[in-house]
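Shown next, in structure tokens, is the structure this report addresses.
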Amino acid sequence: MTTYTTRRFLQTAGLLIAGLVLGACGKQEPPKTAEAPAASAPAPAPAPAKVHVVGTDAAYAPFESQNEKAEIVGFDIDVVKAIAAKAGMEVKFVNTPWEGIFNTLQQGDRDLLVSAITITPERQQSMDFTAPYFDAQQLIAVKQSSKVAKFDDLKKLKVGVQTGTTGEEVVTKLQGKNSPNIKRFESTPLALKELEAGGVDAVVADNGVVINYVANNPAAKFKAVSDKAFQPEQYGIAVKKGNTELLAKLNKGLADIKADGTYDQIYTKYFGAPPAKAAAPAAAASPASK
Ligand code: ARG
Numbered sequence: 027m028t029t030y031t032t033r034r035f036l037q038t039a040g041l042l043i044a045g046l047v048l049g050a051c052g053k054q055e056p057p058k059t060a061e062a063p064a065a066s067a068p069a070p071a072p073a074p075a076k077v078h079v080v081g082t083d084a085a086y087a088p089f090e091s092q093n094e095k096a097e098i099v100g101f102d103i104d105v106v107k108a109i110a111a112k113a114g115m116e117v118k119f120v121n122t123p124w125e126g127i128f129n130t131l132q133q134g135d136r137d138l139l140v141s142a143i144t145i146t147p148e149r150q151q152s153m154d155f156t157a158p159y160f161d162a163q164q165l166i167a168v169k170q171s172s173k174v175a176k177f178d179d180l181k182k183l184k185v186g187v188q189t190g191t192t193g194e195e196v197v198t199k200l201q202g203k204n205s206p207n208i209k210r211f212e213s214t215p216l217a218l219k220e221l222e223a224g225g226v227d228a229v230v231a232d233n234g235v236v237i238n239y240v241a242n243n244p245a246a247k248f249k250a251v252s253d254k255a256f257q258p259e260q261y262g263i264a265v266k267k268g269n270t271e272l273l274a275k276l277n278k279g280l281a282d283i284k285a286d287g288t289y290d291q292i293y294t295k296y297f298g299a300p301p302a303k304a305a306a307p308a309a310a311a312s313p314a315s316k
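Quick note: the sequence shown uses our numbering, first residue 27, plus one each step.
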């Protein structure tokens with residue numbers, strides 16, 4: 027009796043489960059007859075806005091660095107965010123080591139680069155740059171007790187530079203390619219730490235970064251030494267060579283934020299005052315004065 031009931035129960039349950047499974051399968055099967063007219067097919071969802079991946083070597087304050095929350099922040103970041111807002115672009119910043127940063131454009135891992143990148147003729151061979159967005163120059167960092175007063179004084183001294191930067195370039199010109207006194211570092215903060223530790227006599231890097239470091243690390247007891255021999259440099263935002271569409275968007279956005287005061291606001295936030303204006307553009311533009 028008991029056995030019979032149990033068996034019946036199991037059989038019934040088995041049938042029920044089989045039915046459920048079949049029913050479920052049936053629901054998931056695509057319709058055999060493709061009768062649905064094309065017109066009733068749901069319209070394809072609009073493609074999600076492309077997120078432009080921005081590469082930056084975030085160890086170059088005040089242009090790009092990571093804050094305590096590991097967020098990438100800085101002047102360059104604010105500039106690109108403002109440009110993106112104008113251009114209706116979505117951007118996402120990805121910390122990218124300077125060494126190899128230009129290859130990421132080539133490989134399509136990054137859509138654009140903002141990293142206090144000096145526009146140079148060599149770099150223009152392999153990538154495209156926006157209009158310049160920042161004027162810069164090399165600057166020497168030394169200990170306050172140092173006798174270094176000009177660039178030429180570094181000729182026989184140990185000098186720290188970040189590999190692959192314009193700072194490395196100028197020091198290489200001064201000392202020669204094979205000089206054992208050029209100490210190359212993968213980031214500028216590492217070079218500056220070595221200066222603090224006494225491993226090098228000077229560091230050559232972009233003025234904004236040196237000034238920022240000297241000001242924010244009083245315990246390091248550094249001073250900055252400038253020299254008229256350093257050529258003016260200009261930063262640009264880089265895109266893959268031939269990406270004219272993105273370049274045009276960025277240039278338009280940059281012009282827009284310069285025209286409406288956003289750029290000056292960002293500049294003032296980081297450097298305390300708006301950028302010096304080019305001398306008398308109105309007079310230069312006027313054709314009337316003869
Ligand atoms: N302006 C220099 C150059 O283009 C240094 C830039 C380094 N930038 C950085 N985020 N580490 O070579």
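No residue lacks a Cβ here, since even glycine has one placed at the ideal position from N, Cα and C.
Keep in mind it's a predicted model, so treat the numbers as computed, not measured.
* Using the C-alpha atoms, what's the distance from E97 back to D227? -> Here residue 227 corresponds to residue number 201 of the sequence shown, with the count starting at 1. Here residue 97 corresponds to residue number 71 of the sequence shown, with the count starting at 1. It is roughly 32 Å from the alpha-carbon of D227 to the alpha-carbon of E97.
* To do: Using the Cα positions of P68 and A75, report the straight-line distance between them to the nearest angstrom.
  => As a position in the sequence shown, residue 68 is number 42, starting the count at 1. As a position in the sequence shown, residue 75 is number 49, starting the count at 1. P68 and A75 have their alpha carbons spaced roughly 20 Å apart.
* To do: Assess, as a yes-or-no matter, whether the stretch 285-300 is touched by the stretch 182-190 under the definition of 3 or more beta carbon pairs within less than 8 Å.
  => No, they do not touch.
* How would you write the range of the alpha helix (DSSP H) that V240 sits in, first residue to last? -> In the sequence shown, the residue the question calls residue 240 occupies position 214. From DSSP, the alpha helix (DSSP H) with V240 extends over 233-242.
* Rounded separation between D137 and W124 - CA only -> The count along the sequence shown starts at 1 and reaches residue 137 at position 111. The count along the sequence shown starts at 1 and reaches residue 124 at position 98. For D137 and W124, the distance between alpha carbons rounds to 15 Å.
* Going straight from the alpha carbon of L340 to that of V120, what length do you get? -> Residue 340 is absent from the model: the chain starts at 27 and stops at 316.
* DSSP three-state call for F248: helix, strand or coil? -> Here residue 248 is taken as the residue at index 222 of the sequence shown, counted from 1. If DSSP states are grouped into helix, strand and coil, F248 belongs with the strands.
* **Rounded straight-line distance, which links the Cα of I109 to that of L280** => Mapped onto the sequence shown, residue 280 falls at position 254. Mapped onto the sequence shown, residue 109 falls at position 83. Taking the straight line joining both Cα atoms gives about 6 Å.
* Asked: Looking at S141 and the ligand ARG, is the gap between the Cβ and the nearest heavy atom below 6 Å?
  -> Along the sequence shown, read from residue 1 onward, the residue named residue 141 stands at position 115. Within the chosen limit of 6 Å, the ligand ARG reaches the beta carbon of S141 through at least one heavy atom.
* Thinking C-beta only, is V79 closer than 7 Å to V106? -> If you number the sequence shown from 1, residue 106 lands on position 80. If you number the sequence shown from 1, residue 79 lands on position 53. No. Outside cutoff.
* Asked: Which residue comes first and which comes last in the alpha helix (DSSP H) that contains V105?
  -> Start at 1 with the first residue of the sequence shown, and residue 105 comes out as number 79. From DSSP, the alpha helix (DSSP H) with V105 extends over 101-113.
* Rounded C-alpha distance that separates A85 from N93 -> The count along the sequence shown starts at 1 and reaches residue 85 at position 59. The count along the sequence shown starts at 1 and reaches residue 93 at position 67. The alpha-carbon atoms of A85 and N93 are separated by roughly 10 Å.
* Asked: What is the rounded straight-line gap between the Cα of D286 and the Cα of S171?
  -> Indexing the sequence shown from 1 puts residue 286 at position 260. Indexing the sequence shown from 1 puts residue 171 at position 145. Taking the straight line joining both Cα atoms gives about 45 Å.
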